[in-house]
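K.L.:
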Amino acid sequence: MSAETLLLTILLLPLVGAAGIIITRHNPDVREGVTLLSSALIAILVIVLATRFFDGEVFALTLIEPLPGIAIAFEIEALGMLFALVAGILWVVTSIYAIGYMRGHHEKNQTRFFAAFAVSIAATMGIAFSANLITLFFFYELLTLATYPLVTHAGTAEAKRGGRVYLGILLGTSIGLFLLGILVTWTLTGRVDFQAGGILSGHIDPAWAGLLYALFLFGIGKAAVMPFHRWLPAAMVAPTPVSALLHAVAVVKAGVFTLLKVSIYIFGGEFILSNDITGGLIWVAAATILIASLVAMTKDNLKARLAYSTVSQLSYIVLGAMLASKAGLIGASVHIAMHAFAKITLFFAAGAILVASHKKRVSELNGLGRAMPITFVAFFIGTLSIIGLPPFGGMWGKWYLGLGAVEAGQLLLLAVLMISSLLNIIYLLPIPIRAFFSKPESGEHYTEIAEAPKSMLLAMVLTSSACVILFFYPDPFYRLAGLAAGGY
Amino acid sequence: MGSHISLLLVVVPLIAAPVVAILPRGRLPWAVAFMVAALCAVLAGMQLWAVLHEGAISYELGGWAPPWGIEYRIDAVNAFVALIVAAIAAITLPYALLSSEREIPEEKIPLFYSAMLLCLTGLLGITQTGDIFNVFVFLEISSLASYALISLGRDRQALTSAYQYLIMGTIGATFYLIGVGLIYSQTGSLNMQDLATILPDVLHLKTVETGFAFIMIGVALKLALFPLHLWLPNAYTYAPSVVTVFLAATATKVAVYLMLRILGMVFPQGFALTTPAEELFIVAGITGIIIASVYAIYQKNVKRLLAYSSVAQVGYMVLGIGFASVTGVTATLVHLFNHALMKGALFMAVGAIIYRTGACRMEQIHGLGRTMPWTFGAIVIGGLSLVGVPGTAGFISKWYLVTAALEQGAWISVAVILSGSLLAVVYVGKLIEALYFKPMTDTGNAVGEAPMLLLVPTWVLVLANLYFGLDTDLTVGVAEKAVAIIAGMES
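Protein sequence lines, in the order shown, are assigned to chains A and B.
In this text, residue positions in the first sequence follow our numbering: the first is 1, and each later residue adds one.
In this text, residue positions in the second sequence follow our numbering: the first is 1001, and each later residue adds one.
1. By DSSP's criteria, residue 1060 of chain B is part of a beta bridge. Which residues make up the other side?
2. Does the stretch 1255-1264 of chain B come close enough to the stretch 1205-1221 of chain B to have 3 or more Cβ pairs within less than 8 Å?
3. Check whether the stretch 1178-1195 of chain B touches the stretch 1142-1156 of chain B, taking contact to mean three or more Cβ pairs, one atom from each stretch, closer than 8 Å.
4. On the three-state DSSP scale, how would you describe residue 1104 of chain B?
5. Under a three-way DSSP split, which group does residue 145 of chain A fall into?
6. If you scan the stretch 366-396 of chain A from start to end, which runs of the alpha helix (DSSP H) of 4 or more residues do you find wholly inside it?
7. Please name the residue or residues paired with residue 75 of chain A in a DSSP beta bridge.
8. Run down chain B in chain order and give the residues with a C-beta less than 7 Å from the C-beta of residue 64 of chain A.
9. Is it the case that the stretch 1332-1348 of chain B contacts the stretch 1377-1387 of chain B, given that we only count it when at least three CB pairs across the two stretches are under 8 Å?
10. What is the DSSP secondary structure of residue 1465 of chain B, reduced to helix, strand or coil?
11. Are the C-beta atoms of residue 375 of chain A and some chain B residue less than 9 Å apart?
12. Run the CB neighbour count on residue 153 of chain A, radius 10 Å, all protein chains shown included, and call it buried at 16 or more, exposed below.
13. Let me see if you follow: with CB-CB separation under 9 Å, is residue 1371 of chain B close to chain A or not?
14. Kindly indicate if chain A contains any beta-carbon less than 9 Å away from that of residue 1080 of chain B.
15. Closer than 8 Å, Cβ to any Cβ of chain B: which residues of the stretch 127-144 of chain A, in chain order?
16. Compute the Euclidean distance between the alpha carbons of residue 1301 of chain B and residue 1326 of chain B, then round it to the nearest angstrom.
17. Check each candidate in A/15, A/195, A/147, A/209 and name the one with the smallest Cα separation from residue 181 of chain A.
18. Count the other CB atoms within 10 Å of the CB of residue 48 of chain A; is the residue buried (16 or more) or exposed (fewer)?
19. Could you compute how far the alpha carbon of residue 286 of chain A sits from the alpha carbon of residue 376 of chain A?
20. Against chain B, with Cβ distances strictly below 9 Å, would residue 499 of chain A count as a contact?
21. Nearest by alpha-carbon distance to residue 1225 of chain B: which of B/1322, B/1199, B/1266 is it?
22. Secondary structure at residue 1227 of chain B, three-state DSSP: helix, strand or coil?
23. For the stretch 111-162 of chain A, which segments carrying the beta strand (DSSP E) assignment without a break, of at least 3 residues, lie completely within its bounds, in sequence order?
24. How would you call residue 30 of chain A, buried or exposed, if buried means at least 16 neighbouring beta carbons within 10 angstroms?
25. Run through DSSP, which three-state label would residue 1262 of chain B get?
26. What does the alpha-carbon distance come out to for the pair residue 409 of chain A and residue 398 of chain A?
27. Buried or exposed: where does residue 95 of chain A fall if 16 or more other Cβ atoms within 10 Å of its Cβ makes it buried?
28. Which ranges would you report for the alpha helix (DSSP H) in the stretch 1149-1179 of chain B if only whole runs of at least 4 residues count?
29. Give a yes or no on whether the minimum CB-CB distance between residue 1466 of chain B and chain A is below 9 Å.
30. List, in order along the chain, the chain A residues whose C-beta lies closer than 8 Å to that of residue 1418 of chain B?
31. Would you please state the rounded distance, in angstroms, between the beta carbons of residue 1043 of chain B and residue 1014 of chain B? I believe it to be under 8 Å.
32. Could you check whether the Cβ of residue 25 of chain A sits closer than 9 Å to any Cβ belonging to chain B?
33. Let's test the definition: count the other Cβ atoms within 10 Å of the Cβ of residue 388 of chain A and tell me whether it reaches 16, buried, or not, exposed.
34. I need the straight-line Cα distance from residue 463 of chain A to residue 211 of chain A, nearest angstrom please.
35. So the alpha helix (DSSP H) residue 1035 of chain B belongs to, where does it begin and stop?
36. Step through the CB atoms of chain A and report whether any lies within less than 9 Å of the CB of residue 1375 of chain B.
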């Protein structure tokens, strides 16, 4: 397959899958077959693409050029490859999980669910492979719109309210600030393409560059930097597979990915570092890390706690993007992958608990570990990886981020990272401990509760093992991160 | 044949109108009207092609040489607008067949199509002519026809709305005529090109300045520029669905064109900058965008919601004029075209709902999105285009408009344009929520999808919204050419 065809196939396949899902809606087994088939194909194609990328093959594709200088164009560079690899591999795992979940939980409108899910993946791939800000913005908005029916899936008043917050914040920030940032960039430089070393240097007074960076930082609402983080907890009304893949991996990572792209390819690490553009803004990320961790401690609802944990972890990546040093950028990029595998495990477990026992609150989980050992072991592994302990993949992201903070001489930032790790321990670790060691309050033993459906267990086992494997073998992601960070 | 196209564009619908009026009831009047509109669209397309490839067309009516005789002068600017008008008419008329049978008394159908053709004649005439008095004549033809069309609406309020529009429209036309008279008294000419050479010498005269002001106010009334928009929401709300589609997509667009033509090509470049006009445009544009958008959010009637949105969109176009830059005027012309597409699609989709349910109040349309998925899809895509989501035509408009504002460092305008988009998110969101997420109100009669004859024209416009979001050769290409003409870089 030629490079262009491969790229185009990856972009279009999920859409074909969505169409197939709608066509086969009257036969759920065939419909789920379509989901599995297209997600498995995507995973394979993304891996093939990655190997060919490592072999030094160059991929670029311009689809159309609506306005002179502004094209819908795709290319593959290291960071996008990393993001696509994470999203592509995790989609197939999530599909396995989702089928068990949707059936086990007796959800309605499953066709709409799987179709919108596939469109969201197409949008995610579009974001990963965008060659310029306009293409990226197009798929960014498409992702928001495609995930909206997933957020409001339940159709309840709460879901509608959540959907309104979701759409309001994501569209509001993207149109009001992100688009403005793109337009300012265009007006200043006459271009919007991603270029190694950045395009802004020499076109903007460094004193104003901080303001422009702020437009991107807050405009990319998907990165959930405070105060624009509220949509993420609101999105937790969605079915758990959505929270797992989209609101722990695809959507939120699309946000921080975009911010990294802006840092590396629009501003340029050199330009940010030499002019101290993000010197003040970096504390917004630091504050988000700490405040979100503190809020997570107060949440009894398991998914809400995980959501705030995600908000906090996202700002690690944002912080790395703003440090803009080589170690900082590597840490941020690696953390995209590591956090994805760990957090999706946690959400998978939360969904399994919901399906098997209909429990949503942390305080109800006492003693449940013995009834659902696999689920809670997976949860435990995910927790340790999030905290950043060896031998789990999550360590690498934090390691390089810490290194970046030290390099920059920002010892206070290093302290923030340390404190946050402690907070992670405080709000996550008690959950598996409760489940295994506490007695249920009512004194009953959960004899009637068994593990969730097998497909869900399989998904959890896969992602939690990945957390371990990635500690010993982070190489593909690390190499990609290194390439991206070395891009200036 | 060549230049006769320009005359035929006006004469064909003009002659067809009385013919249609005396045709027997049934579907014959519709068939004739449709063929005429389709012919006009083809002619307008040929005209634009000829202008782009062979340069401006000058057609002397009756062989009388200008400036004494009436001259039709066609360049890229008006050929473009004429194509919009004729194409929208050709797309609207297939839609009209079923919709008007449902909403208009049977005995008035031939008269209805006759009035539609007259309205088309007037609008095309305004774009074709190169004579400022002749503009007035066509303005009145189109206005009188639209008063009649609006009054055909089902509700009794249609009559008062038509009357309100009649009063406001007449004031506007009168102002325009007074302005023309004042300018004629100082220049002795009505031909636009002729005026363009005479006016620079007499600009210092107060009479000319007063005439300019009268013309601008008169045209601003016709294009429903805030705060002169009061006639528009009622007229759009109570008119029959087809009429709303047609007027929303064409009438205000032609008025915007007229304003551009007089500002940029009759009066010399930069004259408006010496008057308060440009500042007024920016102020009126900004306040119009914000206030009309906020009004739209609180509307209980779907058509009125879209009507207020139209007032806001006019604000965008006038804002582009107010920037008085190449990018600004390009934005105006591009938005002129794109807004015709989006509002046409949206009003058609709402018309389909009215066709099925007879209802257009928010609480009556609950849950209809699920039973009318194609209509709902049209509203979603049209709405996204209105918001300016990338991949839709609306994005291209917004892009140019914000770029124009950034060029001038007009930060308030930038903020207003983007907030306008956000307000559009809110009112489009309300519409979608009502259509899809609210439980259906009366479960008694199941509502089906609209008939093909309504859906196909709607989706033609919907797909055009997507197409022109990706391929801007026609829109931006022609707009840039047109702006070059207005800016005097090319003739």
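The C-beta atom is built at its ideal place from N, Cα and C for all residues, glycine as well.
P.N.:
According to the data block:
1. B/1071
2. yes
3. no
4. coil
5. helix
6. 368-371, 373-387
7. A/60
8. 1470, 1471
9. yes
10. helix
11. no
12. buried
13. no
14. no
15. 134, 137, 138, 141, 142
16. 38 Å
17. A/209
18. exposed
19. 31 Å
20. Residue 499 of chain A lies beyond the residue range present for chain A, which begins at 1 and ends at 488; the question has no answer from this structure.
21. B/1322
22. coil
23. none
24. exposed
25. helix
26. 16 Å
27. buried
28. none
29. no
30. 175, 176, 179, 180
31. No, residue 1043 of chain B and residue 1014 of chain B are not in contact; Cβ-Cβ is about 13 Å, not under 8 Å.
32. no
33. buried
34. 40 Å
35. 1028-1054
36. no
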